[in-house]
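Residue numbers (our numbering): 398 to 966.
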């Protein structure tokens, strides 16, 4: 019975450690999510800055897996090139070694759980604060406390289970001086990290075992486990990329290649490298505890690997492009930037959805561009072919609305700041209005098709000119809508869109009045006038939907201008 309790205590301690790391990372990401995006966007212009950015971000959020998944998602969203992502991934591997140094310095020698619990008292009022930033800081404090409480409990559970004796017993049957044993430890480190999906947790366990002075588990065996963790940690990004586009899968593959290459290169000079690190810690750093040797090896491994490969980023890019060639042009209905699963944390997934909404808007604008051409076509076969294309696009807009909405609903279930929750609400409104634009464009095409099938009289030259002028106004509204989607919220101004909308409304009213006069004057029959007014009115409706998309992206939440435009009369 005691054994079962001890096993559950061990697993529970590891779970508390992982939960603490997850909570701490998410709290910091929510607090500085926009800043992290800005840093990644601004500091990856060259490979050296990319490496430094990867170190900084990973040292802050204490998770190379989170950084790498973030990078893969940015590549998937087209916000970062493959070459830029490789540099950041290299830096992430260095940044993750900070965790090992913290644990080496205070994790086992000091009862950090003793002051981790009082820290919860500090975090408690913050986590229940109404302000998003304070709540995020509270989550960070809670995560930090849970992490080191889990580490302390892990050591206690391992001691209660006599883990040291159990490991020593297993190692008694393994040749100590065999190089095959080193390779075996590399494999074990990779497998354990793949299962746990957190190299920091595996490193903490390795440091704990190393600190127990277990016979047969010395510095070299612990170093081999640490190298294996660098291979195992690539599985998280690889899994995240499975449903992503080719570029994102290439970024994950580059991460895997980089780490595997480093392990193979270090295995060639493994024993001299271990001796060099031991000498450095003992003679340059002045000794300290033995855990510093393992942390120093972990850091040296990643720094040297980065220095070896930073000059070959283009070659790595070419290699992964050859291994994963770009597929033939994707089907038109496929989303470009988001996939069936979340590629990153909820807070950072929003930017992927925003890129997809931009693509949605571009598709709607391109769809509207078919209508002027349809108006001019006289050949029946060409007309039917283009009308079928409009019909296909309308089905695509329906699918895009559902898929993006489904993705945003998944994102909204994550841990989000208040600003991000508001952003999701605005984005959901945008995709609803964009789908309505698709419906409206289809209605324009259907009006022209019905006119062609049921009316013997062609539009007059004056009617055609008016219809073309109205379409030019709508096209201008769509172009301004694209500009507004691209602008940051703080720089958005909708005066231009409002002016175009007023112009469309006035022109619609003018043409409807003119139509009544022309029908009464016998310039054309009533049926032709119906098709003509239907087309003009549908253009005006389309302009309303465009205006709603623009308003949804602004900060106005209580302003009358934020109401659906067609509700204003």
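Where is the CB? At the ideal position from N, CA and C, for every residue including glycine. Please read all numbers here as calculations on a predicted model, not as lab measurements.
Once the 5 residues before and after residue i are set aside, which same chain residues still bring their CB inside 7 Å of it?
i           : result
residue 767 : 783, 786, 787
residue 539 : 420, 517, 520, 524
residue 839 : 787, 788, 791
residue 854 : 921, 922, 925
residue 677 : 693
residue 726 : Bear in mind that the predicted position of residue 726 carries a pLDDT of just 44, short of 50, making it too unreliable to give a figure here.
Looking only at its chain, what residues have a beta carbon closer than 8 Å to the beta carbon of residue i, apart from the 5 residues adjacent to it on each side?
i           : result
residue 852 : 924, 925, 928
residue 489 : 451, 452, 454, 455, 461, 464, 465, 468
residue 967 : Outside the shown range of the chain (398 to 966) lies residue 967, about which nothing can therefore be said.
residue 905 : 867, 933, 934, 936, 937
Could you please give the first and the last residue of the uninterrupted alpha helix (DSSP H) stretch that includes residue i?
i           : result
residue 791 : 777-809
residue 906 : 892-917
residue 841 : 815-851
residue 661 : 643-665
residue 931 : 923-949
residue 489 : 479-492
residue 502 : Residue 502 -> no alpha helix (DSSP H), and no H or E assigned at all.
residue 347 : The requested residue 347 does not occur in the structure, where the chain is confined to residues 398 to 966.
residue 681 : Element bounds for residue 681: n/a, residue is neither H nor E.
residue 601 : 596-608
residue 619 : 616-629
residue 692 : 688-706
residue 770 : 767-773
Which residues in the same chain have their Cβ closer than 6 Å to the Cβ of residue i, if we skip the five residues on either side of it in sequence?
i           : result
residue 755 : 882
residue 694 : 620, 674
residue 908 : 863, 933
residue 702 : 659
residue 714 : 479, 480
residue 583 : 621, 624, 625
residue 644 : 472, 479
Alpha carbon to alpha carbon, what distance is there between residue j and residue i?
i           : j           : result
residue 815 : residue 710 : 39 Å
residue 944 : residue 519 : 47 Å
residue 897 : residue 860 : 21 Å
residue 401 : residue 553 : 15 Å
residue 947 : residue 878 : 6 Å
residue 950 : residue 880 : 11 Å
residue 542 : residue 588 : 28 Å
residue 899 : residue 770 : 25 Å
residue 635 : residue 764 : 36 Å
residue 625 : residue 536 : 31 Å
residue 581 : residue 557 : 27 Å
residue 849 : residue 472 : 47 Å
residue 416 : residue 545 : 11 Å
residue 920 : residue 790 : 36 Å
residue 845 : residue 751 : 33 Å
residue 668 : residue 747 : 47 Å
residue 697 : residue 894 : 57 Å
residue 680 : residue 663 : 22 Å
residue 870 : residue 807 : 37 Å
residue 937 : residue 718 : 47 Å
residue 797 : residue 447 : 34 Å
residue 606 : residue 628 : 20 Å
residue 646 : residue 721 : 8 Å
residue 940 : residue 901 : 7 Å
residue 602 : residue 671 : 20 Å
residue 774 : residue 780 : 6 Å
residue 445 : residue 649 : 19 Å
residue 533 : residue 600 : 26 Å
residue 912 : residue 858 : 14 Å
residue 931 : residue 917 : 18 Å
residue 513 : residue 586 : 29 Å
residue 651 : residue 491 : 16 Å
residue 841 : residue 856 : 15 Å
residue 833 : residue 760 : 13 Å
residue 835 : residue 843 : 12 Å
_For the stretch 614-621 against the stretch 645-658, do three or more pairs of beta-carbon atoms, one drawn from each stretch, fall closer than 8 Å, so that the two count as touching?_
No, because fewer than three Cβ pairs between the stretch 614-621 and the stretch 645-658 fall closer than 8 Å, the two stretches do not touch.
*Are the stretch 404-411 and the stretch 526-545 touching, with three or more C-beta to C-beta distances below 8 Å?*
Because the criterion of three Cβ pairs below 8 Å is not met, the stretch 404-411 and the stretch 526-545 do not touch.
*asked:* Across the stretch 794-807 and the stretch 825-840, are there enough close Cβ pairs to call them in contact, namely three or more that are closer than 8 Å?
replied: A contact is defined here as three or more CB-CB pairs under 8 Å, and the stretch 794-807 meets this definition with respect to the stretch 825-840.
*asked:* Under 8 Å, with one C-beta from each stretch per pair, do the stretch 479-486 and the stretch 710-720 reach the 3-pair mark?
replied: They touch, by the three-pair rule.
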